[in-house]
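The block underneath contains the structure these notes are about, expressed in structure tokens.
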Amino acid sequence: MTVNQVAAGTTFIAGAAVLAYLGIQFYQKKKRDIIPWKWEEIGTLTHLYFYPLKSGHRIELNKGECTEFGIKQSVEDEKVLQLGDRCLVVYSEKDNEFRTARTYPKLFLIDVAVHDENHLAIDAPTMRTLYVKVPNKESNKELKIKLHRGEEVNSIDCGDEAASWFSRYILEKGNGLRLGYHDANPIHRRDVTSVPKTLLDYYKNYTKFSTGLYSDQVSVNLISQPSVKDLQQRITTDTITVNHFRPNLVVDGPGLKPYDEDDWEWIKVGDVILRTVRDCTRCMVPTINPENGIRNQSREPLKELEKYRVSNGPQKLPVMGLQLEVRKTGNLNVGEKVFVARRQ
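In the UniProt record's numbering, the protein residues as written are 1 to 344.
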């Protein structure tokens, strides 16, 4: 056998090995993507929340719709106009960058509701009610609002009156901030190109189909009541509730143990099927009291979580809850049974 023949044989074997490896990886990914047919009942859906304004006050629902972009009011609740989760965002008129309670905790106290089929009613302490006509591309300015890592999201501006109202409430002056709206058009689906490769390599289920409207990472967030209860028992100086973590879904059950959700790969509630994308690493937002917007000076509950609940992923941050992708849309009702399929 000549040197060239040996080299050719070696190249062939190496190429075959690479193809075999890629084939196995592809097969394993396709296998992971298959919705399970065996489910384990773990409890019930005890609370259903959504947040029309990013960093704004929550709305609790008895029933809602789970869309590809997350939780939305059901048609029966608001007749014609239904608000979606994080469909509104405050942004700076100077650079089009989003603003949240991380910088302005007062955002927590802003309530958004449907006024009629075309208008929203927005309220905050000491402010008159702001009535905002739901913007559209024909009559309002289109722009790209910058979220985390400079990610640009197609948006529609809500007009000068809304801009003045938010600036006066948050900045105590007549300008500086504006209000953006996402119309949930699928062609404006966000991408994940701005997400660091280290995160995408670790959280292999995370794709552009995981994203919501203006949410930080994904379309749905889940919290387990026993996990929050366990955390509260460790913190003796402050009261911590599920609302510190701004979840969409809260689950509970008589046999459900704290942090059991760490093993859940799939979740089923009614007809809705969700897949775990990643653990929910936490920023400073849970340190803000959800009822009064005051920041906890002791950094709780993050301070306690840092002692025993830190992500194994690239971001060594405290963890509480799951971030989920919607794999099958449908209706959600509080009190429905919750089923899971665990990681293999």
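Just so you know, even glycine gets a beta-carbon here, dropped at the ideal spot from N, CA and C.
Being a predicted model, the structure only gives us computed values, none of them experimental.
Under the three-state DSSP convention, the category residue i falls into
i, result
"G330", "strand"
"E172", "coil"
"V192", "coil"
"K133", "strand"
"E261", "helix"
"I187", "helix"
"R128", "coil"
"N154", "strand"
"K94", "coil"
"R343", "coil"
"residue 354", "Since the first residue of the chain shown is 1 and the last is 344, residue 354 is not available in this structure."
"R246", "coil"
"R149", "helix"
The alpha helix (DSSP H) enclosing residue i, as first and last residue numbers
i, result
"F166", "160 to 166"
"E227", "Checking the sequence, you will find Ser at residue 227 rather than Glu. Where S227 is concerned, the enclosing alpha helix (DSSP H) stretches over 225 to 234."
"D201", "197 to 202"
"K307", "302 to 308"
The beta strand (DSSP E) enclosing residue i, as first and last residue numbers
i, result
"T46", "40 to 50"
"N65", "Sequence inspection shows Glu at residue 65; the Asn mentioned does not correspond to that position. 63 to 67 is the span of the beta strand (DSSP E), which, as asked, contains E65."
"Q82", "Counting along the chain, Q82 falls outside any beta strand (DSSP E), and DSSP gives it neither H nor E."
"S210", "From DSSP, S210 is part of no beta strand (DSSP E); its letter is neither H nor E."
"G335", "Element bounds for G335: n/a, residue is neither H nor E."
"V114", "111 to 114"
"K253", "Strictly speaking, residue 253 in this sequence is Gly, with Lys absent from that position. Neither: G253 is in no beta strand (DSSP E) and is coded neither H nor E."
"L143", "142 to 146"
"R178", "177 to 181"
"Q217", "Unbroken run through Q217: none, as it is neither H nor E."
"G70", "70 to 73"
Residues of its chain near residue i, where Cβ-Cβ distance is below 7 Å and the 5 sequence neighbours each way are ignored
i, result
"I187", "none"
"R99", "V90, Y91, S92, L177"
"H244", "P286, P290, P301"
"Y259", "S227"
With 16 other Cβ atoms within 10 Å as the buried cut-off, status of residue i
i, result
"W266", "buried"
"R342", "exposed"
"V18", "Residue placement at V18 cannot be trusted, given a pLDDT of 47 that sits under 50; what the coordinates show is reported in the next sentence. Exposed, by the Cβ-count rule."
"K268", "buried"
"D252", "buried"
"R275", "buried"
"H182", "buried"
"R282", "buried"
Contacts around residue i, its chain only, beta-carbon distance under 8 Å, and the 5 residues preceding and following it disregarded
i, result
"K144", "N96, E152, V153, N154, S155"
"G64", "L48, F50, I71, K72, Q73, S74, D77, N331, L332"
Residues near residue i by beta carbon distance below 6 Å, same chain, minus five either side
i, result
"S164", "G174"
"L81", "V114, E117"
"Y169", "A124, M127"
"S55", "T100, A101, L107"
*List in chain order: all unbroken beta strand (DSSP E) runs of 3+ residues lying wholly within the region 263 to 325.*
Listed in chain order, they are 264 to 269, 272 to 281.
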